[in-house]
Amino acid sequence: MDNGVPVRGSLRSRGAVAVSSLMLRPITAAIPPDRAWGIWASRQLIARLMGTFGRSLAGTRVEAVNSVLPDGRRVIGEWVYGPHMPTGASRNSGAIYYVHGSGFTMCSPRTHRRLTSWLSSLARPPGVSIDSRLAPRYRFPTAADDVRAGWEWLPQACGVPPEAIVIAGDSAGGHLTVDMLLQPDVAANPPAALVLFSPLIDLTFGLCAAREVQRPDPAVRAAVAARVVALYYAGVDPSHHRLKLDVAGGPPLPPTLVQAGGAEMLEADARQLAADIRVAGGSCELQVWPDQVHVFQALPRLSPEAPKALAYVAQFIANSLSVRGTVADKGG
Numbered sequence: 001m002d003n004g005v006p007v008r009g010s011l012r013s014r015g016a017v018a019v020s021s022l023m024l025r026p027i028t029a030a031i032p033p034d035r036a037w038g039i040w041a042s043r044q045l046i047a048r049l050m051g052t053f054g055r056s057l058a059g060t061r062v063e064a065v066n067s068v069l070p071d072g073r074r075v076i077g078e079w080v081y082g083p084h085m086p087t088g089a090s091r092n093s094g095a096i097y098y099v100h101g102s103g104f105t106m107c108s109p110r111t112h113r114r115l116t117s118w119l120s121s122l123a124r125p126p127g128v129s130i131d132s133r134l135a136p137r138y139r140f141p142t143a144a145d146d147v148r149a150g151w152e153w154l155p156q157a158c159g160v161p162p163e164a165i166v167i168a169g170d171s172a173g174g175h176l177t178v179d180m181l182l183q184p185d186v187a188a189n190p191p192a193a194l195v196l197f198s199p200l201i202d203l204t205f206g207l208c209a210a211r212e213v214q215r216p217d218p219a220v221r222a223a224v225a226a227r228v229v230a231l232y233y234a235g236v237d238p239s240h241h242r243l244k245l246d247v248a249g250g251p252p253l254p255p256t257l258v259q260a261g262g263a264e265m266l267e268a269d270a271r272q273l274a275a276d277i278r279v280a281g282g283s284c285e286l287q288v289w290p291d292q293v294h295v296f297q298a299l300p301r302l303s304p305e306a307p308k309a310l311a312y313v314a315q316f317i318a319n320s321l322s323v324r325g326t327v328a329d330k331g332g
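So this is what it looks like as structure tokens:
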């Protein structure tokens, strides 16, 4: 299957990088990430950008989730059904569990609904996204616990077994997902596959800072992003094993597709993660899309390449669920 990654980004994408460098990067540098008004402003800015440059799908249906597991943990979020998919249908044949990102401090299933809807529409299974609690009010490991609760809720309450689930996530959602998959009991019953958009792995932003010397990120400085993420693990040593993830020394992850933008600093994390997955014995396809910004897949009005990238992701998801379903049917 041709991955569709071009040699060079489109003129519109390159223009978006230039404009972002001139306008967005100075704005994010001026907003104090550790002040209440700064957090509010950042949340408004990200939501506005995703709403403006995302693309809604007519006919998308949303079903609210508010459930309690037997042990008392609450799961809040939403099911998202792409157009022409009946509400409540197809869960037993598979689901996309989407773990949203944005530095542990921003965004929600609602901000990422357009992206989840596109994935559901193209790959066919419904998507479900959990409204994990945000820093700085809720610190480590709250968001990780919420993601884990959602994972356990899918088979317990919805009847969707792990082998019928593909986990997808972006940015900090990538860290939350990989952290969960490295836990022994989850590794013993993994999902069918994993899709990560611009995953954040190094919470100290050391990898990003090194890359920034060569090419600055058009949206934010590594030092600013590091201060945002530090709100999540404040008071905890960043070398904690669930913060500094040992992917290379852990259990193999399920078949993984990683997409990152060539213009963003988290390209460095994506490359390191892909290498570590392979060292651990897992399979990982890494795609770096030239001249693309952070999580460009969610910004089709900004990036003409976004639909192509999502089409490849959808085929990867469909193939992964088909392969795992065939193995399960054979009792393998």
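Residue numbers 1 to 332, in the UniProt record's numbering, belong to the letters of the sequence shown in order.
We put the beta carbon where it would ideally sit given N, CA and C, even for glycine.
Note that this is a predicted model, so its numbers are computed, not measured.
The beta-bridge partner set that DSSP reports for V128 consists of W79 and Y97.
By DSSP's assignment, C284 forms a beta bridge with T256. Apart from the 5 residues on each side of it in sequence, W118 sits with its Cβ closer than 7 Å to the Cβ of L57 and L310 in its chain, given in chain order. A210 sits away from A143, with the two beta carbons spaced by 9 Å or more.
For the pair D2 and Q259, the Cα-to-Cα distance works out to about 14 Å. The C-beta separation of S108 from P304 comes to about 27 Å, leaving the pair out of contact by the 8 Å criterion.
Of all C-beta pairs linking the region 249–258 to the region 270–287, three or more are shorter than 8 Å, placing the two stretches in contact.
L49: not part of any beta strand (DSSP E); member of the alpha helix (DSSP H) spanning A36 to F53, first to last residue. The beta carbon of L182 lies closer than 6 Å to those of G250 in the same chain, with the five residues before and after it left out. It is roughly 44 Å from the alpha-carbon of A64 to the alpha-carbon of Q214. In the DSSP annotation of this structure, R271 is not part of any beta strand (DSSP E); the continuous alpha helix (DSSP H) holding it starts and ends at E267 to V279. Closest option to G4, judged by alpha-carbon separation, among W289, L321 and N319: W289. Under the DSSP definition of a beta bridge, E63 partners with W79. DSSP, read as helix, strand or coil, puts L154 in helix. As DSSP reads the structure, D170 sits in a beta bridge with F197. P184 and S239 have their alpha carbons spaced roughly 19 Å apart.
By the C-beta criterion, the region 214–230 is judged not to be in contact with the region 188–197, since fewer than 3 inter-stretch pairs fall below 8 Å. About 22 Å separates the beta carbon of Y233 from that of I167, a gap too long to meet the 8 Å contact definition. Restricting attention to S102, F205 and V186, the CA atom closest to the CA of G169 is found in S102.
Here the alpha carbon of R301 sits roughly 29 Å from the alpha carbon of F205. According to the DSSP assignment, Q214 belongs to the alpha helix (DSSP H) that extends over G206 to Q214. Counting along the chain, the unbroken alpha helix (DSSP H) around D185 starts and ends at P184 to A188. At least 9 Å separates the beta-carbon of E78 from that of V17. A Cβ-Cβ distance of about 6 Å is found for the pair S121 and P83, placing them in contact under the 8 Å criterion. Under the three-state reduction of DSSP, I31 is assigned to coil, being neither helix nor strand. In this structure, I201 and G174 form a Cβ contact; the two beta carbons are roughly 7 Å apart against a cut-off of 8 Å. Between T116 and V80 the beta-carbon gap is near 4 Å, inside 8 Å, which marks them as a contact. Here T105 is buried: its Cβ has 16 or more other Cβ atoms, across all protein chains shown, within 10 Å.
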